[in-house]
Amino acid sequence: MAASRRGGEKATSDAGVLVIGLGRFGAAIALTLDRLGQDVLAVEKNPTLVAHFSDRLPIVEADATNPDALEQLGVRDFSVAVVGVGTALESSVLVTGNLVDVGTPQIWAKAISAEHGRILQRIGAHHVVFPEFDAGSRVAHLVSGKLMDYIEVEDGFTIVKMRPPRETQGFTIAQSRVREKYGVTIIGVKSPGMDFVYADPETRISANDLIIVSGHSELLERFAARP
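The numbers in the UniProt record's numbering rise by one with no breaks, and the one at position 39 of the sequence shown is 39.
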């Protein structure tokens, strides 16, 4: 059982991840990192949330808007910090600024609006995340067509999971000429009862397969719209 650590005790983490704020976003990150075996320390000022997570995470009750509190926690020992504080814009900016001031190598910060995100970037956050916007965009792509999963990586480059269009069924990837005709690349195929396999030109696609396809989002949408 993970023990909670109260505000005055210094963390002993070495190049771990500091997660500040245990709302839904921060809690999901901290719990997942802990489950993956990563060194993680959660910081939360709400004593009710501290009590709730104290048997699930290494956690400290402290106010991260106070730079002295972060110093007492050993913030300089952490290579990555995640600012899960989002709805309180002032607190989000203060916490992020404190991390910038101590030179945290990687700062991931949650933003709830484009303006909020710009402020975080200007004060030095290395990565700004818009979880609600990103989730909404992803779901919109899923409910509007044949896509079963959708991950936009960067600058429009996207990876999707989908059912194969009829024109690809029964043919190898080389025969269907998907890349030539649609500008997208089939990178993996899963047949029923089988694991996903990396696709090559001789991989044959059947009607019951799932395919993993990469490319620009607009080109993928056109390919997914094929009957």
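Where a beta carbon is used, it is the ideal one built from N, C-alpha and C, also for glycine.
With 16 other Cβ atoms within 10 Å as the buried cut-off, status of residue i
i	result
SER176	buried
ILE151	exposed
PHE157	exposed
LEU36	exposed
GLY84	buried
VAL153	exposed
ALA88	exposed
SER92	buried
MET162	buried
GLY193	exposed
ASP101	exposed
ASP68	exposed
ARG5	Model confidence at ARG5 stands at a pLDDT of 43, short of 50, so the residue's coordinates are unreliable; what they give is reported in the following sentence. Under this definition ARG5 is a buried residue.
ALA98	The amino acid occupying residue 98 in the given sequence is Asn; Ala does not appear at that position. Under this definition ASN98 is a buried residue.
Candidates the options: closest to residue i by CA position
i	options	result
GLU132	ILE151, ILE119, ALA111 and ILE123	ALA111
SER54	ARG122, LEU31 and ASP68	LEU31
ASP63	PHE78, LEU22 and ARG76	LEU22
ASP209	GLY37, PHE171, SER113 and VAL184	PHE171
GLY103	VAL93, GLY84, GLY124 and GLU90	GLY124
GLU202	GLY193, ILE186 and PRO192	ILE186
ARG179	LYS190, LEU220 and MET148	LEU220
THR168	GLU44, PRO192 and ILE205	ILE205
GLY215	TYR182, PRO67, ASP200 and VAL189	TYR182
LEU49	VAL60, ASP195 and ARG76	VAL60
VAL40	ALA27, ALA51 and HIS52	ALA27
ARG226	GLU115, ARG56 and PRO165	PRO165
LEU73	ASP34, VAL17, VAL189 and PHE25	VAL17
VAL129	TRP108, LEU147, ILE119 and GLU115	TRP108
ARG222	LYS190, LYS146, VAL43 and HIS116	LYS146
ILE29	VAL82, LEU70, VAL95 and GLU44	VAL82
Reduced DSSP secondary structure (H/G/I, E/B, other) of residue i
i	result
ASP149	strand
PHE25	helix
LYS45	coil
THR185	strand
VAL75	helix
GLY84	coil
ILE159	strand
ARG204	strand
VAL17	strand
THR65	coil
residue 228	The first residue shown for the chain is 1 and the last is 227, placing residue 228 beyond what the model contains.
Distance cut-off 7 Å: residue i Cβ against heavy atoms of the ligand MG
i	result
LYS161	Here there are no bound small molecules, and the ligand MG is not part of this structure.
In DSSP terms, what residue i is bridged to
i	result
LEU94	Note: LEU94 sits in no beta bridge, so no partner.
ILE211	MET162 and VAL189
THR32	Answer is none; THR32 lacks a bridge partner.
THR172	ARG204
HIS216	PHE157
ALA178	Note that residue 178 is Val in the sequence shown here, rather than Ala. VAL178 is not bridged to any residue.
VAL40	VAL17
C-beta neighbour in chain B for residue i, strict 8 Å
i	result
ARG35	In the structure shown, chain B does not exist; there is a single protein chain.
- Start-end ranges of the beta strand (DSSP E) lying completely within the segment 105-135, minimum 3 residues: 106-110 and 127-129
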